[in-house]
Every structure is written in structure tokens, then in C-alpha cells.
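S.K.: Numbering (this note's numbering), first residue to last: 3 to 220.
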């Protein structure tokens, strides 16, 4: 299948969200009925006290937690009319996407679509960092007046269907927290920004305008 080049890019500076999509993303995604959210490839800050086994355990727990939150966020948008595709449930998705419940299935996205009987999958990577501790940030702020980043989260996602080898849509979202920031709040904002900015949300520009042009035959 010939790769489809990205023709459009949208950068939302205030939200630290960058979105790319192919020129015919709306005609293609309008044919989708069900998609699957694959477990995100997740990396977390490794503390000095963590053994390799403990780090792997916490990383897996976080991976499944974030996948669940992405699915629930999509489902919530479905309920309020901001997502028109059905989302495959987590157990069914992971029965194929994870080998032995742990290792990612190395199959191609198109193959995973066929195995899961869905029209498309969303793959993602999530990086969670804690550059400095709250105590260090507090002392630095008092001595220099400068705020240091204590928490950060970056999510990169892409949508691939059964017919196209290249992503139809991709997104990069990041959020940084400073002294007193709450990790769960940062996490929730990143999840919401991700599900709000997919081509399945026809109430959100640019997809709203693209859908109008599509229905009018432009």
C-alpha cells in the first residue's frame, strides 16, 4: 500500500498539543465503526530504590492504568456525542495486543486490526518524568526565585487502519508541572487533550470544518 503523506499539521501552542493528519482523514475515518486502543508503550521515572523487577511491575501497572483511562475518556466522549466510533474493551484488546498478558504483540498494526476485528488501532508512547523532587524545587525556588519542573508527561499517539501502512493521524501532547503540581491532574489533562483532538470528534476543529466540506462534496 502506498504511503499517504501528511498534508496538514496543527499546532496548539497553549495546550502543548501538535496534531498531524492526512488530507482525506475524514472520508477514511467516516468508514470506521470500531477501533482499539493498544496498551501504550510506557516509561516512568526509575527511583533509586527500585529493583529491576519492581520497576517492570510498576511500569506494567501504569501502562494498563493509562490504557484504561484512554478507553474511558473515549467512551465518555461517545456518550456526549464527541466520538462516533465504538471502542473495543480493554480485556478483548489485550488478549491479542499483549502476549502472555505482558509483552506487546509484534504484529503490524494492520494485522492487529484484523485479529481484533476492528477498523483501526491507536498506538501510543507515554513518558512520565520527575526531574527534581518537591523538596529540591522548594529550596531552589527560595534561593533563586526560579521554578523547576517536578513532573512531566508526554504522550505521542498515532492512528493506523487496515488499509494504510502510514498513520492517518498523529498527536503529540505534553504537560509540565511545577512545585505543588498534582501528577493525576497532569495525567488527566493529557488524556483529555488526546481524545478531544482525534478525527472522531466532529465537534472539534479542524475536523468539524473538514466534515462540513466532506458532506458538501468539496
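Every residue, glycine too, gets a C-beta built ideally from N, C-alpha and C.
Would you mind reading off the limits of the beta strand (DSSP E) that contains residue 159?
M.R.: Residues 153-163.
S.K.: Here's the rule I'm using: 16 or more other beta-carbon atoms within 10 Å means buried, otherwise exposed. How should residue 67 be labelled?
M.R.: By the neighbour-count rule (16 or more Cβ atoms within 10 Å), residue 67 is not buried but exposed.
S.K.: Tell me the rounded alpha-carbon separation between residue 19 and residue 56.
M.R.: The alpha-carbon atoms of residue 19 and residue 56 are separated by roughly 32 Å.
S.K.: Report yes or no: do three or more beta-carbon pairs, one from the stretch 137-151 and one from the stretch 93-112, lie closer than 8 Å?
M.R.: Judged by Cβ distances under 8 Å, the stretch 137-151 makes no contact with the stretch 93-112, as fewer than three pairs qualify.
S.K.: Whole angstroms are fine: how far does the CA of residue 209 sit from the CA of residue 15?
M.R.: Caution applies to residue 15, whose pLDDT of 35 falls short of 50 and renders its modelled position unreliable; the value that the coordinates give is listed next. The alpha-carbon atoms of residue 15 and residue 209 are separated by roughly 18 Å.
S.K.: How should residue 108 be labelled, buried or exposed, when 16 other C-beta atoms within 10 angstroms of its C-beta is the threshold for buried?
M.R.: So residue 108 counts as exposed.
S.K.: DSSP three-state label for residue 173, please.
M.R.: Note: residue 173 maps to strand in three-state DSSP.
S.K.: How about residue 200 and residue 171: are their beta carbons less than 8 Å apart?
M.R.: Yes, the Cβ-Cβ distance between residue 200 and residue 171 is below 8 Å.
S.K.: Taking the straight line between their C-alpha atoms, what separation do you get for residue 44 and residue 165?
M.R.: The alpha-carbon atoms of residue 44 and residue 165 are separated by roughly 27 Å.
S.K.: First and last residue of the alpha helix (DSSP H) that includes residue 131?
M.R.: Note, residue 131: premise wrong, no alpha helix (DSSP H); beta strand (DSSP E) at 122-131.
S.K.: Could you give the residue range of the beta strand (DSSP E) that holds residue 214?
M.R.: Premise fails: residue 214 lies in the alpha helix (DSSP H), 209-217, not in any beta strand (DSSP E).
S.K.: Tell me residue 43's beta-bridge partners as DSSP assigns them.
M.R.: BP columns for residue 43 point to 127.
S.K.: Look at the alpha carbon of residue 241 and the alpha carbon of residue 174, and state the distance between them as a whole number of angstroms.
M.R.: Here the chain covers residues 3 to 220 and nothing more, so residue 241 does not appear.
S.K.: DSSP three-state label for residue 92, please.
M.R.: In the structure shown, residue 92 sits in a helix (DSSP, three-state: H, G or I).
S.K.: Measure how close the beta-carbons of residue 28 and residue 212 come, nearest whole angstrom, since I'm counting them as under 8 Å.
M.R.: Contact holds; Cβ gap of about 5 Å.
S.K.: Can you check which of these residues, 130, 188, 194 and 197, is closest to residue 64 by C-alpha distance?
M.R.: Comparing Cα positions, the closest option is 130.
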